[in-house]
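Going by my numbering, the first residue of the sequence shown is number 5, and it counts up by one from there.
One structure below.
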Amino acid sequence: MQAVITFLPKQNDKIVSLFLKKILLAAKKIRAANVHPDTNQIIFPAFRMCGYALFNAPITCGMLIPGQSLLKRIFWQALNQTHNAAINYSNRNASQETSMATVLQGYLGALISSVSIVVGLGETVKRLKFSAKTKNVLSRFIPFPAVSVAAVCNLVLMRKAELKTGIDLYDESGKLYGNSRVAAAEGLWATALTRVALCLPTLLVPPVVMLALEKGVLKRRPHWQVYCCCPFSQMSC
Numbered sequence: 005m006q007a008v009i010t011f012l013p014k015q016n017d018k019i020v021s022l023f024l025k026k027i028l029l030a031a032k033k034i035r036a037a038n039v040h041p042d043t044n045q046i047i048f049p050a051f052r053m054c055g056y057a058l059f060n061a062p063i064t065c066g067m068l069i070p071g072q073s074l075l076k077r078i079f080w081q082a083l084n085q086t087h088n089a090a091i092n093y094s095n096r097n098a099s100q101e102t103s104m105a106t107v108l109q110g111y112l113g114a115l116i117s118s119v120s121i122v123v124g125l126g127e128t129v130k131r132l133k134f135s136a137k138t139k140n141v142l143s144r145f146i147p148f149p150a151v152s153v154a155a156v157c158n159l160v161l162m163r164k165a166e167l168k169t170g171i172d173l174y175d176e177s178g179k180l181y182g183n184s185r186v187a188a189a190e191g192l193w194a195t196a197l198t199r200v201a202l203c204l205p206t207l208l209v210p211p212v213v214m215l216a217l218e219k220g221v222l223k224r225r226p227h228w229q230v231y232c233c234c235p236f237s238q239m240s241c
């Protein structure tokens, strides 16, 4: 970089300044995506928010595969909640210390809620006095409420302490400004809505597309369902 700056004539100081700003901005974005802002530790790739689409898409695909046994549905929910818990912990607000007991409580709460909803809604759909076709359609959308409720449950259990202690606030220069419980509540509420919104494209769009394809291409080749589900899950993420 120094060689490039030295080579450029002095009248191009503005160009050099813009060039440096772009480099610094790109470096800042890369650092923000890979390094925890509070601990300054590098986040494991599978637990980074920027890697969610890549690493969670196969799990989402597994949850959306139709006609699975009860054990398989429980397995995919457990795997999904384990991945989510790891992401939540890796990207936590480290300005307030989080004990492992709190992390475990949040993980178990999310796991129990998701599995309970999947099993409960699955059995409810089976007992409904609807046609087999209608039951099949309803069963495709069970993962959405299960994952949404579990995500909010995990969030509240892991970060409920922030509502009492508040979170640290910093100004634009990075200097500590103060502590606020109101900001903690607003952040928790906004994050909960975001978690539910993130489930919309990943758990509602693929089932709709798959149901449409089953009337055409997949009607003659039902064994293609698994292969078609993964790309749609990836694109939705």
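Where a beta carbon is used, it is the ideal one built from N, C-alpha and C, also for glycine.
In this text, all values refer to a predicted model and were calculated from it rather than measured experimentally.
Range of the contiguous alpha helix (DSSP H) that encloses residue i
i	result
leucine 180	Where leucine 180 is concerned, there is no enclosing alpha helix (DSSP H), although the beta strand (DSSP E) it sits in stretches over 180 to 184.
asparagine 52	According to the sequence provided, residue 52 is arginine. The question's asparagine does not apply to it. Neither: arginine 52 is in no alpha helix (DSSP H) and is coded neither H nor E.
phenylalanine 4	Only positions 5 to 241 of the chain appear in the structure, and residue 4 is not among them; the question remains open.
valine 39	That residue, valine 39, is in no alpha helix (DSSP H); it is neither H nor E in DSSP.
proline 211	209 to 218
phenylalanine 79	74 to 94
Range of the contiguous beta strand (DSSP E) that encloses residue i
i	result
isoleucine 171	171 to 174
Close Cβ partners of residue i (< 8 Å) along its chain, the five nearest in sequence each way excluded
i	result
arginine 199	Ser152, Ala155, Val156, Leu159
proline 211	Leu68, Arg144, Phe145
Residue i versus residue j: straight-line alpha-carbon distance, rounded
i	j	result
leucine 293	serine 103	Outside the displayed range of the chain (5 to 241) lies residue 293, so it cannot be described from this structure.
lysine 139	lysine 219	16 Å
glutamate 101	leucine 217	48 Å
arginine 35	glutamate 166	26 Å
lysine 26	isoleucine 91	29 Å
arginine 131	glycine 124	11 Å
leucine 108	leucine 22	47 Å
Residue i burial status per 10 Å Cβ neighbour count (16 or more: buried)
i	result
isoleucine 116	exposed
valine 186	exposed
valine 8	Only weak support exists for where valine 8 lies, its pLDDT of 46 falling under 50; the value from the coordinates is given anyway. Classification of valine 8: exposed, given that the 10 Å Cβ count is below 16.
asparagine 44	exposed
Residues of its chain near residue i, where Cβ-Cβ distance is below 7 Å and the 5 sequence neighbours each way are ignored
i	result
tyrosine 174	Leu180, Tyr181
glycine 2	The requested residue 2 is not part of the displayed model; the chain covers only 5 to 241.
Residues near residue i in its chain [Cβ-Cβ closer than 6 Å; skip 5 each side]
i	result
glutamine 81	Ser118, Val119, Val122
leucine 50	A quick correction: the sequence has alanine, not leucine, at residue 50. Around alanine 50: Phe59.
Self-check item: the stretch 197 to 207 in contact with the stretch 58 to 71 per 3-pair CB rule at 8 Å
Solution: yes
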